[in-house]
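For the sequence shown, counting from 1, position 257 maps to 258 in the working numbering; every step adds exactly one.
Backbone N, C-alpha and C define an ideal beta-carbon position, used for all residues, glycine too.
Since this is a predicted model, take the numbers as computed values, not measurements.
Below you'll find the structure, written out as structure tokens, and then a few comments.
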Amino acid sequence: MAHSDRFLLAGVMGWPVMHSRSPMMHNYWFKKHGLAGTYVPLAIRPENLTAALRGLHPLGFAGVNVTIPHKQEAMKIVDDVDALARSIGAISCVVVRPDGSLAGTNNDCYGFIHAVKQEQPGWRADAGPIVVIGAGGGSRAVCYGLAREGAREIRLVNRTLDRAKEIEREFGAPIKALRWEDRHETLEGAAMVVNTTSQGMVGNSALEIRLDKLSKSALAADIVYIPLETPFLAAARARGNRTINGLGMLLNQGRPAWKAWFGIEPEVTAELRAMVEKTIS
Ligand SMILES: NC(=O)c1ccc[n+]([C@@H]2O[C@H](COP(=O)([O-])OP(=O)(O)OC[C@H]3O[C@@H](n4cnc5c(N)ncnc54)[C@H](OP(=O)(O)O)[C@@H]3O)[C@@H](O)[C@H]2O)c1
């Protein structure tokens with residue numbers, strides 16, 4: 002049900018938000034599909050989140066993405082949260098229903114898994130142990146996705162052990178929460194390692210991890226996408242590991258959002274990726 006009779010509106014709520022590459026991506030899709038519409042960055046202070054979300058319906062928005070720091074708070078504000086987002090513990094996308102009520106879902110998990118499959122055809126979650134570094138909102142989506150894809154062992158290391166233990170308690174097997182000090186050793190025998198911390202992101206220091214125990218055949222992924230190649234990925238690539246940056250996750254999580262807002266599933270094309278990449282590197 003594409004609403005060709007009206008101007009389509011969507012956006013992203015964050016604080017800060019101007020770094021977001023989502024407007025570029027969604028506006029590319031409006032153009033690609035010949036639709037009249039726009040996707041705007043919405044700088045929303047945490048104390049204004051409720052009012053901003055409730056204002057979406059009268060303003061005519063089809064929905065929004067929510068990003069740092071609103072993913073968990075927004076979940077408490079919306080009227081319905083689907084089972085997937087509830088399991089992950091955060092929402093990344095809000096859909097405004099015709100009656101004005103708000104539905105929350107999480108597309109980060111879809112984004113991560115699809116990016117990995119797109120960039121590493123033949124990848125399997127059950128190929129061997131997977132090390133996930135970090136236990137924040139992004140990690141929850143990644144761990145949930147990996148577990149759902151059939152990962153048999155997810156070694157979860159986080160600076161604050163309790164947060165990793167909480168995920169272990171909530172998700173159960175295959176999550177194993179491990180101490181931050183042991184992160185270098187957890188790489189031994191792993192088929193994949195994923196950084197989900199904000200370390201390595203522009204403005205932050207690099208993730209401190211020794212890769213000497215990591216097999217050269219292991220896949221190294223980062224969900225950070227600014228810069229495209231974090232120091233962690235650069236180190237992995239330099240020793241011969243295959244790498245995946247966080248951009249594919251960002252691009253792919255937009256597809257189900259469009260499906261929910263506009264009834265269209267847009268493509269993550271090479272042209273779109275190159276266009277966004279050009280603004281980062
Ligand atoms: N590509 C995408 O589509 C996508 C999607 C979601 C997120 N991301 C990116 O992923 C990153 C994390 O986002 P998030 O939403 O998960 O954030 P978050 O919920 O705030 O979690 C931050 C994580 O980083 C860890 N951390 C922070 N500072 C650290 C330090 N100095 N040393 C070690 N660990 C540290 C935290 O550990 P503690 O628990 O100990 O604090 C926690 O595990 C951000 O850079 C974000 O932009 C990308």
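| Query | Result |
| --- | --- |
| Three-way DSSP call (helix, strand, coil) for Glu189 in this model | strand |
| Completely contained beta strand (DSSP E) runs for the segment 205 to 268, where each covers 3 or more residues | 220 to 223 and 243 to 245 |
| Length of the line joining the Cα atoms of Arg274 and Ala52 | 34 Å |
| heavy atom of ligand 1 below 7 Å from Asp213 C-beta | no |
| Terminal residues of the beta strand (DSSP E) in which Ala11 lies | Leu9 to Gly15 |
| Pair within 8 Å by beta-carbon distance, Met26 and Ala44 | no |
| Nearest to Ser88 (by Cα), restricted to the options Glu169, Leu103, Met193 and Gly101 | Glu169 |
| Stretch pair the segment 200 to 215 + the segment 110 to 128: three plus CB contacts closer than 8 Å | no |
| Cβ contact (3+ pairs, closer than 8 Å) linking the segment 118 to 138 and the segment 180 to 194 | yes |
| Candidates Glu74, Arg238, Gly105 and Thr68, of which the one nearest Asp80 by Cα | Gly105 |
| Contact test: Ser140 Cβ vs ligand 3 heavy atom, cutoff 7 Å | Absence of ligand 3 is noted for the structure shown, with ligand 1 being the only ligands found. |
| Between the CA atoms of Lys217 and Asp83 - distance to the nearest angstrom | 39 Å |
| Supposed contact pair Cys94 and Ala258 - C-beta distance, whole angstroms, cut 8 Å | 5 Å |
| Burial state of Ala3 (16 or more Cβ within 10 Å) | Unreliable placement is indicated for Ala3, whose pLDDT of 47 sits below 50; no coordinate value is reported for it. |
| Where the beta strand (DSSP E) through Ala152 begins and ends | Here Ala152 belongs to no beta strand (DSSP E), and DSSP marks it neither H nor E. |
| Given 8 Å, three or more beta-carbon pairs between the segment 121 to 128 and the segment 157 to 174 | no |
| Test item: CB-CB of Ile287 and Ala86 under 8 Å | With the chain running from 2 to 282 in the structure shown, residue 287 is simply not present. |
| Assigned secondary structure, Leu36 (DSSP; H/G/I helix, E/B strand, else coil) | coil |
| Contact test: Gln200 Cβ vs ligand 1 heavy atom, cutoff 7 Å | yes |
| Near ligand 1: Ile69 beta-carbon under 7 Å from a heavy atom | yes |
| Whole-angstrom distance between Val269 and Arg7, CA atom to CA atom | 25 Å |
| Residue closest to Pro267, alpha-carbon to alpha-carbon, out of Lys279, Val277 and Gln254 | Gln254 |
| Interface flag, Leu10 vs chain D, CB-CB below 8 Å | The question asks about chain D, but that chain is absent: this structure has only one protein chain. |
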